[in-house]
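Data block below; observations after.
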Amino acid sequence: MTTLPRIPFNRPYLTGLESGYMSEAMASGALSGDGPFTKRATELLRDTLGTQAALLTTSCTHALDMSAILLDLQPGDEVIMPSFTFCSTATAYALRGAVPVFVDCRPDTLNIDESLIEAAITERTKAIVVVHYAGVGCDMDAITAIAQRHGLTLIEDNAHGIGATYRGQGLGTFGAMATQSFHETKNVHCGEGGALVFNDLRFLHRAEIIREKGTNRSQFFRGMVDKYRWVDIGSSFLPSDLLAAFLTAQLESFTEIQKERQAVWSAYHEQLAAWAGENGVAQPTVPEHCQHPAHLYYLLMPDLGHRQALLAHLAERAVQGTFHYQPLHSAPAGVRYGRTGSADGCPVTDDVADRLVRLPVYAGMRDEELDRVVAAVLSYRVA
Ligand SMILES: *Cc1c(COP(=O)(O)O)cnc(C)c1O
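Under the numbering used here, the final residue of the sequence shown carries the number 401; numbering is consecutive throughout.
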């Protein structure tokens, strides 16, 4: 075994300004939600995405939960989404009694296969939720047209896609709503956090109520009502201003964070290209009209055996690789609460979920760490 220091899969980046801002928040005495730093972080987020309105939430999962409440889903209503995603995308809608309908992904970008969406639509379908995998935009031309044609609400789970564009337009600005994650594994973070983004402002008013335990407290603070009352269902979805202070520091450094992540991503992409070609390994596909935010770097190995073997090979060299996602359509809760959109299941999802390896990507990665990851991969041969 090696005695080299371990290179983690993710190392939460700190800009250095977080603790100063958090101290400021503590000194101000405004520690609960919707304080001055929440305003600052929300403005920065809106500018970063190019959207009109956003509400900070305690997580992306909670933002998805809010979107499900806002859609007024009834038991048995259906929501179309990819199988190849994190379980939060599905559980938010299942929680409202809706049925997640899982659609396979494209073999190139691993995004939802737009050509399979229409066959999954029934008279119970209410919404389409897309996930921009690795921050590479889904085919929004096709998907926006399908949603319009069938009168369905479009939602973007944009947990990976902060700052990315599709044909020059920011991800997170296509759907009626979009969700962001500020979990420590995401490009910009505050440990745990998220946001619900509004491109259709009709949802905003009720969203403020749902986020504040079903009360009209936001209107009360704006002086629009003389007392605040319980007016709707909701929960406590707003983060403390302490977390918003942390997030403000991160969002202010977005450009620098992205520069560092892009450098790591590009180094992998260039330095592993020849090796990938010789070994039958696929590198990420990024269509020309998509700019991605270097959220993650993955390799698609020839088969499950080589995936497991590469992960072990990396671990022996103190490099932590990982894999994901466990397909949702065949997960225990996916089977219980959801269904697949087509009779033959999600064969591409099953295939790529077996073959995918993620390499460490984080801002603040040192050159010698990057070199060690590259060397560890290059020393693996597909026999
Ligand atoms: C990380 C992630 C989530 C969950 O984000 P949280 O902020 O941890 O709730 C949801 N969807 C996708 C695609 C993610 O990557």
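A virtual CB, placed ideally from N, CA and C, is assigned to each residue, including glycine. Predicted model, so just to flag it, every value in this text is computed and none were measured.
For the 7 Å CB-CB criterion, residue 121 and residue 96 do not form a contact. When DSSP reads this structure, residue 315 sits in a beta bridge with 377. Under the DSSP definition of a beta bridge, residue 174 partners with 148 and 196.
Inter-residue distance for residue 131 and residue 370 is about 14 Å (C-alpha atoms, whole angstroms).
For residue 215, the enclosing beta strand (DSSP E) starts and ends at 212 to 216. DSSP, read as helix, strand or coil, puts residue 230 in strand.
The beta carbon of residue 59 sits closer than 7 Å to those of 74, 262, 265, 266 and 269, all from its chain and outside the five residues before and after it, given in chain order. Cβ-Cβ distances below 7 Å link residue 379 to 279, 282, 283, 312, 314 and 315 in the same chain, with the five nearest sequence neighbours on each side left out; the list follows chain order.
With respect to the 7 Å criterion, residue 193 and residue 68 are not classified as neighbours on the basis of their beta carbons. When Cβ pairs closer than 8 Å are counted between the two stretches, the stretch 196 to 203 is seen not to touch the stretch 40 to 52, the count staying below three. At a cut-off of 6 Å, the beta-carbon of residue 126 does not count as near ligand 1: no heavy atom of the ligand is closer than that.
Residue 101 is positioned such that its CB atom lies closer than 7 Å to that of residue 347.
Taking a C-beta distance under 7 Å as the contact criterion, residue 221 and residue 80 do not qualify as a contact pair.
With contact defined as three or more Cβ pairs closer than 8 Å, the stretch 147 to 160 and the stretch 379 to 390 are not in contact.
Residue 104 counts as buried, since no fewer than 16 other beta carbons sit within 10 angstroms of its beta carbon. Shown here for residue 112: same chain residues with a beta carbon closer than 8 Å to its own, the five before and five after excluded, namely 118, 351, 355 and 356 in chain order. Contact between residue 318 and residue 374 holds: CB atoms are separated by about 6 Å, below the 8 Å threshold.
The beta carbon of residue 232 sits closer than 7 Å to those of 248, 249, 250, 251 and 252, all from its chain and outside the five residues before and after it, given in chain order. Between the stretch 177 to 185 and the stretch 301 to 310, the count of C-beta pairs closer than 8 Å reaches three or more; the two stretches touch. Here residue 163 is not near residue 172, since their CB atoms are 7 Å or more apart. Inclusion of residue 213 and residue 116 in the CB contact set at 7 Å is not warranted, their separation being larger than that value. CA-to-CA, the gap between residue 28 and residue 242 works out to about 45 Å. Residue 33 sits away from residue 259, with the two beta carbons spaced by 7 Å or more.
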